């Protein structure tokens, strides 16, 4: 089952979506996106927020 993260659920107005087969796939894509677009580092708190926002598609 494909997993999806919609960045807009954490950062209103952002239309980035990450899809992958595993949570790790999503976390890697989200960390790169957070750094490049939002200037955020992947802190433990951010990782937990991202994990809670990942949904099954």
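In the working numbering, the protein residues as written are 25 to 81. Glycine residues also receive a C-beta, built at the ideal position from the N, C-alpha and C atoms. Every value quoted in this text rests on a predicted model; they were computed, and no experiment measured them.
- Pairwise C-beta distances place the stretch 60-79 in contact with the stretch 26-46, as three or more of them are shorter than 8 Å.
- A residue is called buried once 16 or more other Cβ atoms fall within 10 Å of its Cβ, and residue 74 is buried on that count.
- Note on residue 54: 16 or more other CB atoms within 10 angstroms of its CB, so buried under the neighbour-count rule.
- DSSP, read as helix, strand or coil, puts residue 60 in helix.
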